[in-house]
Ligand SMILES: Nc1ncnc2c1ncn2[C@@H]1O[C@H](COP(=O)(O)OP(=O)(O)OP(=O)(O)O)[C@@H](O)[C@H]1O
Ligand SMILES: Nc1ncnc2c1ncn2[C@@H]1O[C@H](COP(=O)(O)OP(=O)(O)OP(=O)(O)O)[C@@H](O)[C@H]1O
Ligand SMILES: [Mg+2]
Ligand SMILES: [Mg+2]
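Protein chains in written order, with the working numbering: chain E, 1 to 293; chain A, 1 to 673; chain Z, 1 to 481; chain H, 1 to 355.
Structure representation (structure tokens):
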């Protein structure tokens, strides 16, 4: 008998640990994100030097020399300051782009899912078409010919990530449309826009948030890759991707040049992913649409 | 053969340990059928799964024994117990379609279950599969082997599951609500199969169900469970005729039945409250908090009393012969019947359907390739809804009941025919008129869990239609409180979110929301079928009260004929998109004129002249010519295949109409069995 | 293996038809497969090749005597008729329009006719005096025209006549050559050569570090330091014929003002940039667009010194005492180190109050800007242009007023340049060039920066000299003693 | 009360109406056919999964996607003017540019050029590449084998590792075997490929000297880029597979399988893992796009002569026709892969066939 009771306790312990662990995952993720994002936001206050102030007499200085904690780059600019500032472009671009993509995806997805018919067909096909061009390639085409600026970068990243949001929101909206509580609203003569706002939006939100975290990390990678391929923002604006590209030839002399921005990006991505996983766990466990509580 | 002694099963959840089964003792002999009944969540499934060794990962048997043929399964090593169970216990589940692997063909799923010696050759295995499928009455078993689960109807899938369960010649069959998801007619077929197998193979059957009538009809013995414990066991006839535990008595009172007389007259006797939380069950008698007869000693655990005839119960204040007397005393608020009897003219048709059709396109042709598939959900229905009546619509699954409901409230537009409200066509109206129409007709949904937005507080759900009617915030709030009170929701409840409510409370919210716009017609599509008997009784009473107080007209859709008989004045019987018979409730139930109505009634458990309607409903994509019911009708002739019967009046006795070439005369009664 | 050579080149080599023009690397490969009438050797001297001798009997007449017995790989002899046919094709606008772009524009406008006088003599009649005509011919090899007729598909071979023949052709990855048995001269020292395409600077660096290539060009100057410690490599740079300069959009204020143009020349500390970014591989330009490799290099001119005070003074006298804002475009990644250089220059201009808005462009967009409308161009642009033939005319042509950026402030420049095109003797030519460079210097028509260093890393087992025009030919290499 | 006799009797009335498209209700012509000569029919547990309609529908969508991709790219490329500038080089005169603009037809209206382009594209006659001076489609097609090799191997490795780790994470015997590989792979997902590529070269080519820094030709050239590409694919496959296994483990049909007395391994493989593959395969379809994107970076990093690098080079050199051809080929490839994915899913999941 005692073995059976032991089993019960073991089960209970495991359950507790799982809950604890997934909570920890979220906290670690948020901590990592904060660790990168906060210094980047407050770069003007924290950074010891201007990211563009060059000193041609002290190029490629090693770490901890001459007041440069991470050393200097090829133009004698303080690497730490550049890493701090270098996160601003990716963060601004990706946040704005994901926000934009989410709004577009949610609006189109809800409309297409709710209305169905040719509108749905048209938007869905457009999303399919968009998806058939790999997003980096599409971004390259757009940037090479529109030139890269903050706005074009944002648009290009948003263009690449709205289909994911759209598809998910649309699929959810299609099943929501058949939900009795939505039909009840229809029967209660609630206008379509109100149904979308009051019933669809809150119910698709969890998935939207989870998808947005996925787009966030994909977007960060694309911005970095674009910078790396030389299609990022103008080169005197520090940007992690471009910094890695410029630093990669200096690995022998000053490996920090490529690795420092790379690690900053890595920590941010890791944080975003952990938070995303955690949110996904959270929401599917709660399963807002699932029966019961 | 099977002896369960003081079995306890715990489930570990985030909220705590649920004692789903608590010191339960049972026994079952070969060839015997033991029914296990009780409200939802009382531990029936967990008990069955403990025996079958299929508990969820978080669950485990913590004490007691399960002795199968003299071997205690709880004490055997894991592998040995598993082997023993696989050999001796077959299990079938509630939802047959999802219990089959959607990815694998029927054949390969049966083959997997065969004994190794039956699997030595492919052809041999196939033959064995076919044999099994034949045994459970699957037509053309060879053709089924390559079918996939989603291509099977519920009845067929359940037969396949039984075939799988029988693959190793078990001695014990555990059937967990095997027919809850099925129609009455299919339910009867499946239970017939189980009955036959029981006698042919000497199977012992543990039948889990919440349908008392079904257990009463089929089982030899019954065990009534409440909150993880067995409240009462005994011979079926004895227990149901003479329930001793107050809980059993309450359950029996709560269920409206087709066969008991005097329906439409009295209120149902509901059990108040909800079953206790099994992670912290109340001390003493677990039913005490809901029991109208509880007294101080009920807070200690009642002893199990065993009578000579094997009838056991655990109650301090058994019902016994006192039942009749007390039930009146128990329900002081019994009200006399509301309206006038259903005879005579009830008023103007408020709403009418004439020759209404609804076709769904299932798949279109693509660039001229493939076939277009259309499904006729409603195929020419004419029906009047009279002011102040309760019209019942009954029929098997898929016959178009819900579609009619949706046409009535405007969720679907007819593809043919017209829907008129107050004599005005609805379909062609402009937006404003549409809104007015919709506000006159409201819908109550089947599923209390899905009919409320989980992200919204319930008072906002109720208020929603009012807000968009242009109500002022303050007035709306007051109205919501009034409505909530009217449907019997306590004050604080409206501030909660749906997941904090019980099923019954949610259904009350759903009704309040439908009433918010002060409609004339309330369409209730299976409004109580997802609820436990006890809750169902409460909601049915509520609906009746509302009708009386507000003068509502009901369109009441249900596949539960007992409920329909209790609620409705007039009934329309549907078969495959058409109405085959209409008439006053009493006439329909006592003297059905259409063979299908008769067959439907015959399939209801508890019918003395039990009979089973064979076959399944034909496809709505390609309905049979002439009379649609002819493929399953024993009276069908050549004429039925060639000519479509028209509605003709039924003589005398409250009248009504029937669409049959050979309507049954009153004296004929039910022609089957 | 001792007899094999691997050369890393920074551009794809997409086309082996000499009528195409993509890069000096492509020309290097072509010049080893096909013989031209003349050739420029690794000491940058004009030497005979298919022609054994030539003369210039009249300013507009050139006569070439061909080598006897030279054949293509498949045995077809190369005669005066072959040469004439080739040049007729070069001259035919419609035949070459799609592939040549403007690569043959000078031939098409300046060659009036070609005559095969006999089997081994060809005569060119020009429309103008062209003193460097023979040098120009070095970049126009003679090929088998049936190869062109058959679709000039390099994957099927090239029917070579030069020291090497084509073994395999993969334009973005590797081109493999082997010694051509049909070649008339000494067989080359390396019998097998691979040109490996390494488009990114990082790829070139790592390939050199891993000794995957024997010779590699166009490394980032700063990267050389990483290789200097490698005892197996010789690393260094030659001053190339490409000169970095900033091209003012002189049609637009304030660059129509000479003081401003001068001020900027004083404001930039070129020595600091060459010392750090270029790692000392080059030195500030001598106040002109020409440098040593050009025949007309003007030794009289001196560099503009770095003098902030003077710059400020000039800005003030130019009417911009508080500095001004300017846009500065550049072809990102097109020249070694350009992205860093512009940032350094911009920062230094910022020090004197000139606020620079950098505008990186792709090479293609940048080229279109240079050829578009001056009003749409940026205020200034960074360039490092060079003519294919390292000739003065080619270089000086860029600064005539027909070019977008120099809507001329100096009509005299155009006049002098027109005279240069008509110069009949070397002396006259040299004199005009000197005058032109002087004017450019005095006018501060450009912000002169420095010549790009043509960096290289060569395995010590290979003996090879890198010429200033970047032609990198395997037959110029030999195993080191 | 014999149901078989009953139904067949009824259905004999019904023969003409029996719809062939609804297999569950197929009606035999002779009531007893079903039970004769079973052996001759062999094993009938499987049916051909693909209908013509299914295929045509998918193909149509696929073609639509390719057309759309081409259109988007065509207009994106042509919005910014003529590429003649690049062709003429830096020392051409204005009249030369004008002449070539006419020569190449860039003076025609955009719509006309679009129509001509579509017409030519239909026949495989893409405009000539400005750098390679031959049919740009041919130039791209020549690069296909290299890209296929690289992406194929990368995907294969990624999928293998992803499935392995996902399975282990769901079913590992010990706690560490469930967590450690998954944790590693989740961290790997966060490493930016550009950084990883740079670090891989630093370690394996420069420090250890085991592998070449780039280029193509030997199997050694493949190792680093393939590793890099597989890092794109493996983590999300592992995660989705794990999640899918976990959610499938609670499905009703798994309980049925357990009730049959199947071994735990059998239940896991056949009833859980195999069913859990369906979303993974969907994901692989999506991943092909990511891999192709990744190939752009990877090929550039390792000087791999594939379509990815070709398209970047073409873009930087403003070789419009070549860009169009590359994007077209990539889109076609992507669409074809997804066509296969759809078909494969239909094979795996009979329910998907009806959609
Ligand atoms: N997987 C599970 N995890 C946690 N609790 C569970 C689980 N399954 C059942 N329970 C709890 O165990 C108790 C008994 O559930 P069980 O399913 O046996 O009830 P039931 O009588 O079969 O009900 P129903 O008629 O709804 O099928 C309930 O309180 C239920 O909430
Ligand atoms: N939106 C739809 N698209 C396609 N077919 C539909 C749709 N709605 C209903 N049907 C089909 O129409 C027929 C009638 O459906 P309906 O829901 O009205 O039946 P029902 O009598 O309410 O059945 P149940 O008792 O199962 O609820 C069924 O065959 C159903 O499959
Ligand atoms: Mg249950
Ligand atoms: Mg229904």
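For glycine and all other residues, C-beta sits at the position ideal for the given N, C-alpha and C.
- For residue 238 of chain A, same chain residues with a beta-carbon under 7 Å away, outside a window of 5 residues either side, are 309 and 311 in chain order.
- By the 16-neighbour rule on beta-carbons within 10 angstroms, residue 358 of chain A is buried.
- Between residue 164 of chain A and residue 178 of chain A, the C-beta spacing is not below 9 Å.
- Spatial neighbours of residue 527 of chain A in its own chain (CB-CB distance under 6 Å, excluding positions within 5 residues in sequence) are listed in chain order as 444.
- If you keep only unbroken beta strand (DSSP E) runs of at least 3 residues inside the region 94-177 of chain Z, you get 111-118, 121-126 and 164-170.
- A direct Cα-Cα distance of roughly 7 Å separates residue 62 of chain H from residue 339 of chain H.
- In the structure shown, residue 533 of chain A adopts helical secondary structure according to DSSP, grouped into three states.
- Rounded to whole angstroms, the gap between the alpha carbons of residue 99 of chain Z and residue 39 of chain Z is 23 Å.
- Residue 9 of chain A sits in a strand when the DSSP states are folded into three classes.
- Taking each of Z/144, Z/250, Z/473 and Z/384 in turn and checking the Cα distance to residue 373 of chain Z, the smallest one comes out for Z/250.
- With distances taken between CA atoms, residue 451 of chain Z lies nearest to Z/273 out of Z/273, Z/205 and Z/333.
- Excluding sequence positions up to five before and after residue 142 of chain Z, its CB lies within less than 8 Å of the CB of 34, 35, 36, 37, 50, 78, 82, 83, 86 and 161, all in the same chain and listed in chain order.
- For residue 584 of chain A, the enclosing beta strand (DSSP E) starts and ends at 578-584.
- Taken from the Cβ of residue 557 of chain A, at least one heavy atom of ligand 4 lies inside 8 Å.
- For residue 55 of chain Z, the enclosing beta strand (DSSP E) has its first and last residue at 51-58.
- Around residue 363 of chain Z, the beta-carbon contacts reaching into chain H at under 9 Å are 86, 316, 317 and 318.
- Distance from the CA of residue 159 of chain A to the CA of residue 58 of chain A, rounded to the nearest whole angstrom, comes to 30 Å.
- Using a CB distance cut-off of 9 Å, residue 116 of chain E does not count as an interface residue toward chain Z.
- In the three-state scheme derived from DSSP, where H, G and I count as helix and E and B as strand, residue 247 of chain Z is classed as strand.
- Under the three-state reduction of DSSP output, residue 465 of chain A falls in the helix class.
- At the C-beta level, residue 195 of chain E and residue 209 of chain E stay beyond 9 Å of one another.
- About 5 Å separates the CB atoms of residue 334 of chain H and residue 132 of chain E; that is less than 8 Å, so the two are in contact.
- For residue 7 of chain Z, the enclosing beta strand (DSSP E) starts and ends at 4-9.
- In the three-state DSSP reduction, residue 19 of chain A falls in the strand class (E or B).
- Among the residues facing chain A, residue 198 of chain E is included, as its CB has a counterpart in that chain under 9 Å away.
- The three-state reading of DSSP puts residue 233 of chain A in strand, counting E and B together.
- A direct Cα-Cα distance of roughly 13 Å separates residue 156 of chain A from residue 98 of chain A.
- Two segments are said to touch when three or more pairs of C-beta atoms, one from each, lie closer than 8 Å; by this definition the region 52-66 of chain A does not touch the region 121-141 of chain A.
- Per DSSP, the beta-bridge partners of residue 217 of chain Z are Z/456.
- Remark: the C-beta of residue 291 of chain A is outside contact range of ligand 2, defined as less than 8 Å to any heavy atom.
- The region 149-204 of chain H contains, as complete alpha helix (DSSP H) runs of 4+ residues, the segments 175-190 and 193-200 (chain order).
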